Structure formats: structure tokens, C-alpha cells
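Asker: Residue numbers for the sequence shown follow this note's numbering, beginning at 1 and rising by one.
Glycine is no exception: its CB is placed at the ideal position from the N, C-alpha and C atoms.
This one's a predicted model, so the numbers in the text were calculated from it and none came from an experiment.
I'd like to ask you about the structure that follows.
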Amino acid sequence: MDYRNKTRLKLFGRVRIVELDDQTMLSRLETSDYRARVERGLVISVEGFDWNCPQHISPRYTLEEVIATTAPLMARIAELEAALAQCHESHSAK
């Protein structure tokens with residue numbers, strides 16, 4: 001799922017369950033950084049794929065992306081608030 005670009009890859013296939021008695025296949029599926037005991041595996045034979053329509057995928061952004069994108073707007077708001085405060089001060093001094 002790529003939320004930022006509103007794309008999703010769907011895979012279509014058939015799954016085969018690998019039980020404990022097939023140690024050769026289970027050893028091929030294991031990764032060295034996974035510490036739990038592997039009890040079974042799933043092997044998926046991909047038969048097709050489709051890039052989904054982005055219509056119902058809401059884009060998501062990281063906090064850093066939001067901050068970078070809104071920084072100019074926040075700076076402009078600060079400028080306008082300072083100018084407004086200055087106008088209020090000038091108006092109340094009269």
C-alpha cells in the first residue's frame with residue numbers, strides 16, 4: 001500500500017500450507033532475525049495482480065511531511081497575527 005501516491009497492489013494466488021514435517025521448505029522460509037519457533041509456513045503461488053483504483057485510498061503522510069508542507073503557511077499566519085496585533089495596538093492608542 002502506497003498511501004502517499006494512492007496506489008495499492010493486489011496479488012491473486014493460491015496458498016499452500018507448509019507443516020512441520022516439511023523441514024526443507026520451512027528452513028527456506030525462515031529468516032535469521034525471527035526468534036520464535038516457526039510452526040508452519042505459507043507459500044503463495046501468484047496467479048495474477050492488479051493495481052487498484054485510487055478512488056477510495058486516503059493519502060497518509062508522516063508528521064515530518066506535514067510539518068514541511070505547512071511550514072510556509074504557519075509562518076504566514078504568524079506574520080498576519082503580528083500585523084493584526086500591531087493594528088490593535090495602534091487603534092487602541094488613539
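1. Counting only beta-carbon atoms, is residue 74 nearer than 8 Å to chain C?
2. DSSP three-state call for residue 47: helix, strand or coil?
3. Please return the same chain residues whose Cβ sits closer than 8 Å to the Cβ of residue 72, not counting the five positions on each side in sequence.
4. Run through DSSP, which three-state label would residue 66 get?
5. Would you identify the three-state DSSP class for residue 77, choosing helix, strand or coil?
6. In chain order, what residues of the same chain have a beta carbon less than 8 Å from the beta carbon of residue 31, not counting five sequence neighbours either side?
7. Once the 5 residues before and after residue 44 are set aside, which same chain residues still bring their CB inside 6 Å of it?
Answerer: Quick answer:
1. The structure shown contains no chain C, having only a single protein chain.
2. Taking the first residue of the sequence shown as position 1, residue 47 is located at position 47. Of the three classes helix, strand and coil, the one that applies to residue 47 here is strand, per DSSP.
3. Residue mapping note: residue 72 aligns to position 72 of the sequence shown, counting from 1. There are no such residues.
4. Taking the sequence shown and counting its residues from 1, one reaches residue 66 at position 66. Residue state, collapsed to three classes: helix.
5. The sequence position of residue 77 within the sequence shown is 77, counting from 1. Helix, per DSSP.
6. Residue numbering aside, residue 31 sits at position 31 when the sequence shown is read from its first letter. No residues qualify anywhere along the chain.
7. Taking the sequence shown and counting its residues from 1, the one referred to as residue 44 is at position 44. Answer for residue 44: 13 and 15, listed in chain order.
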